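Heads up: the structure comes next, in structure tokens.
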Ligand code: ATP
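Residue numbers (the UniProt record's numbering): 4 to 243.
And the structure:
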């Protein structure tokens with residue numbers, strides 16, 4: 004690969020006061036890739052996504068988008084550059100309706116026709132969401148809320164989408180639906196960094212994966228390589 008990566012982390016360290024949560028990681032995403040980040044609880048995955056989206060500062064190292072440093076750029080400007088995060092726990096507006104939530108995703112845009120077209124696209128991908136447009140989002144099921152959160156992120160028409168454990172706590176059929184949407188948008192050319200506890204499923208879909216442990220990246224490789232790696236299998240795929 005000699006093309007400029009869409010996203011590049013160079014020796015990134017992130018700390019909460021005295022607590023060093025991420026201890027110098029390198030990570031790269033190329034255009035159109037679905038890359039997953041797996042690892043045990045507390046490994047630093049959410050911390051990493053939050054630093055990329057700009058809700059947490061990095062302590063040292065650099066963060067580049069399309070070759071330019073965004074390390075000092077505020078989160079709302081990163082969003083305008085095409086970087087969207089669907090946070091752990093979804094972060095939807097529980098008192099707003101489904102439609103209002105989706106439209107909030109487009110607040111940085113003023114291309115009316117494009118917004119309507121993208122809404123239609125989300126309705127096609129997620130018919131369940133379309134059926135519930137007028138419902139207050141806080142009363143949706145967990146799976147429906149996750150779909151709204153993803154739909155809202157898509158309404159910002161991101162180039163790079165960060166997903167933090169989208170399958171958490173959801174029934175298998177809903178998880179399947181969410182991975183179907185992820186695959187669809189990747190096929191359309193979006194670049195995705197996916198944090199998943201469900202390592203088996205994530206690695207099956209991902210082009211590449213990184214394993215994080217104790218604030219460091221310990222293993223990197225193609226989805227298939229990681230699925231076949233004995234260390235990954237015993238530590239993260241629930242095998243002996
Ligand atoms: P999980 O899968 O459990 O969400 P994770 O890999 O996403 O785990 P992080 O949430 O990034 O892990 O946490 C990394 C480390 O940073 C943990 O040791 C955690 O306790 C610590 N940490 C996270 N948030 C804070 C905070 N606000 N203040 C202090 N320490 C924190």
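Glycine included, C-beta positions come from ideal geometry on N, C-alpha and C. As the structure is a prediction and not an experimental result, all values here were calculated from the model.
Worksheet item: Does the beta carbon of residue 152 fall short of 8 Å from some heavy atom of the ligand ATP?
Response: Exclusion of residue 152 from the 8 Å shell around the ligand ATP follows from its C-beta lying no nearer than that to any non-hydrogen atom of the ligand.
Cut-off 7 Å between Cβ atoms - residues of its own chain near residue 48, not counting five sequence neighbours on either side: Excluding its 5 nearest sequence neighbours in each direction, residue 48 has C-beta neighbours in its own chain below 7 Å: 40, 42, 198 and 215, listed in chain order.
| query | Just how far apart, CA to CA, sit residue 7 and residue 46? | reply | Each residue's alpha carbon lies about 28 Å from the other.
Exercise for the section: Quick one: grab the DSSP three-state call for residue 51. Expected result: It is helical.
Quick one: complete alpha helix (DSSP H) runs, 4+ long, within the segment 100-150? For the segment 100-150, the full-length alpha helix (DSSP H) segments reaching 4 residues or more read 101-107, 115-128 and 130-134 along the chain.
Q. By DSSP, does residue 159 sit in helix, in strand, or in coil?
A. Here residue 159 sits in coil by DSSP.
Quick check: does the Cβ of residue 198 come within less than 8 Å of any heavy atom belonging to the ligand ATP? True, at least one ligand heavy atom lies under 8 Å from that Cβ.
> Within the present structure, is the beta-carbon of residue 48 separated from the nearest heavy atom of the ligand ATP by less than 8 Å?
Replying inline: Yes - the ligand ATP has a heavy atom lying nearer than 8 Å to the Cβ of residue 48.
Hey, would you say the C-beta of residue 51 is under 8 Å away from at least one heavy atom of the ligand ATP? Residue 51 Cβ: within cutoff of the ligand ATP.
Pick helix, strand or coil for residue 238, following the three-state DSSP scheme. Per DSSP, reduced to three states, the secondary structure at residue 238 is helical.
Residue 56, DSSP secondary structure in three states: In the structure shown, residue 56 sits in a helix (DSSP, three-state: H, G or I).
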